[in-house]
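A quick write-up on the structure given underneath.
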Amino acid sequence: AQSVTQLGSHVSVSEGALVLLRCNYSSSVPPYLFWYVQYPNQGLQLLLKYTSAATLVKGINGFEAEFKKSETSFHLTKPSAHMSDAAEYFCAVTISGNTPLVFGKGTRLSVIA
Amino acid sequence: KAGVTQTPRYLIKTRGQQVTLSCSPISGHRSVSWYQQTPGQGLQFLFEYFSETQRNKGNFPGRFSGRQFSNSRSEMNVSTLELGDSALYLCASSSGVGGGTDTQYFGPGTRLTVL
Numbered sequence: 001a002q003s004v005t006q007l008g009s010h011v012s013v014s015e016g017a018l019v020l021l022r023c024n025y026s027s028s029v030p031p032y033l034f035w036y037v038q039y040p041n042q043g044l045q046l047l048l049k050y051t052s053a054a055t056l057v058k059g060i061n062g063f064e065a066e067f068k069k070s071e072t073s074f075h076l077t078k079p080s081a082h083m084s085d086a087a088e089y090f091c092a093v094t095i096s097g098n099t100p101l102v103f104g105k106g107t108r109l110s111v112i113a
Numbered sequence: 114k115a116g117v118t119q120t121p122r123y124l125i126k127t128r129g130q131q132v133t134l135s136c137s138p139i140s141g142h143r144s145v146s147w148y149q150q151t152p153g154q155g156l157q158f159l160f161e162y163f164s165e166t167q168r169n170k171g172n173f174p175g176r177f178s179g180r181q182f183s184n185s186r187s188e189m190n191v192s193t194l195e196l197g198d199s200a201l202y203l204c205a206s207s208s209g210v211g212g213g214t215d216t217q218y219f220g221p222g223t224r225l226t227v228l
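Chains as they are written, first to last, in my numbering: chain A, 1 to 113; chain B, 114 to 228.
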């Protein structure tokens with residue numbers, strides 16, 4: 001079975017600072033990995049996904065994530081935080097495109113002016 | 114292309130009642146998945162329908178059921194509501210064919226409050 005651990009339920013950064021949200025996964029087979037963002041009272045929006053084509057994945061809104069098999073990690077980064085990045089971020093794993101997503105508990109990102 | 118739509122957006126019910134939630138997937142998508150989101154348990158998978166058949170099922174009691182129609186629209190039903198069923202119910206659609214190109218796109222959710 002797959003699982004996802006997101007370190008830090010709440011991360012706070014200053015506007016313009018680096019954003020780093022951590023995600024570690026467990027999977028017995030090569031995984032597909034995703035980052036979703038959720039704004040208040042909204043659904044989940046796909047930020048980016050890893051499907052084994054390239055280890056460094058670029059997503060929307062300046063976010064990117066790097067797949068590191070040796071560390072079983074898929075951390076999300078953004079060089080410079082913007083106030084509009086304040087939201088909850090979820091890392092998810094699946095072993096096939098047609099099997100359920102297993103989500104981490106989420107990390108709430110606050111951006112301080 | 115229109116996104117995933119869910120109706121209604123908000124519902125208030127009382128214990129013991131039943132409720133039906135609706136989801137319309139992205140045009141051309143044949144798979145619809147349902148997830149429950151609560152502060153305590155996070156996002157949990159309920160079930161997935163593909164071409165009108167339940168293909169995957171999560172660990173929820175039989176009070177939670179669903180179905181999919183020939184146009185891929187899906188409904189989920191919760192009978193004999195309990196206070197703990199209060200949650201945001203999210204629907205996601207995908208092509209359902211599997212592989213790396215398949216991605217789940219989420220609707221805005223239905224906020225269910227059970228009193």
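C-beta atoms are modelled at their ideal positions from N, C-alpha and C, and glycine is treated no differently. The structure displayed is predicted, hence computed values, not measured ones.
| request: Reducing DSSP to helix, strand and coil, say where G155/B ends up. | output: As a position in the second sequence, residue 155/B is number 42, starting the count at 1. Looking at G155/B - three-state DSSP - the assignment turns out to be strand.
| request: Spell out whether any CB of chain B is found under 8 Å from the CB atom of T5/A. | output: Along the first sequence, one-based indexing puts residue 5/A at 5. False, the Cβ-Cβ gap to chain B never drops below 8 Å.
| said: At the level of alpha carbons, what is the spacing between T151/B and E161/B? | reply: Residue numbering aside, residue 151/B sits at position 38 when the second sequence is read from its first letter. Residue numbering aside, residue 161/B sits at position 48 when the second sequence is read from its first letter. Approximately 19 Å, taken between the alpha carbons.
| request: For P100/A, return the contacting residues in chain B, with the cut-off set at a CB-CB distance below 8 Å. | output: Within the first sequence, the letter at position 100 stands for residue 100/A. Near P100/A (Cβ distances below 8 Å), the residues of chain B are S146, F158, E161, N169 and G171.
| request: Determine the extent of the beta strand (DSSP E) in which H10/A is found, giving its start and end residues. | output: Indexing the first sequence from 1 puts residue 10/A at position 10. Its beta strand (DSSP E) spans residues H10 to S14.
| Helix, strand or coil: which one does DSSP assign to I95/A? | Counting from one through the first sequence, the residue named residue 95/A turns up at place 95. DSSP places I95/A in coil when its eight states are reduced to three.
| task | Kindly say whether Y218/B, judged by its beta-carbon, lies nearer than 8 Å to any beta-carbon of chain A. | result | In the second sequence, residue 218/B corresponds to position 105, counting from 1. Output row for Y218/B: interface = yes.
| query | By Cβ distance below 6 Å, which residues in the same chain neighbour F158/B in space, the five residues on each side in sequence not counted? | reply | Counting from one through the second sequence, the residue named residue 158/B turns up at place 45. Here the set comprises Y148 and G171.
| message | Quick check on G197/B - is its C-beta less than 8 Å from some C-beta in chain A? | response | What you label residue 197/B is simply residue 84 of the second sequence in a count that begins at 1. Not one chain A Cβ lies under 8 Å of G197/B.
| query | Comparing the C-beta of K69/A with each C-beta of chain B, is any distance below 8 Å? | reply | As a first step, residue 69/A must be located in the first sequence, where it is residue number 69. Cβ-Cβ to chain B under 8 Å: no for K69/A.
| said: Considering just the uninterrupted stretch of the beta strand (DSSP E) at I112/A, what are its terminal residues? | reply: On the first sequence, position 112 is the one that residue 112/A refers to. That run of the beta strand (DSSP E) goes T107 to I112.
| said: Against chain A, does L124/B count as a neighbour if the rule is that its beta carbon must be under 8 Å from one of theirs? | reply: For this step, residue 124/B is matched to residue 11 along the second sequence. Residue-level contact check: L124/B does not touch chain A, since none of the beta carbons of chain A fall below 8 Å from its beta carbon.
| field | Whole-angstrom distance between A92/A and L156/B, CA atom to CA atom | value | Looking up residue 156/B in the second sequence gives position 43. Looking up residue 92/A in the first sequence gives position 92. Going from the Cα of L156/B to the Cα of A92/A covers about 10 Å.
| request: State the CB to CB distance for the pair S3/A and S26/A, rounded to an integer number of angstroms; the pair is presumed to be in contact (CB under 8 Å). | output: As a first step, residue 3/A must be located in the first sequence, where it is residue number 3. As a first step, residue 26/A must be located in the first sequence, where it is residue number 26. With a Cβ gap of about 5 Å, S3/A and S26/A count as contacting.
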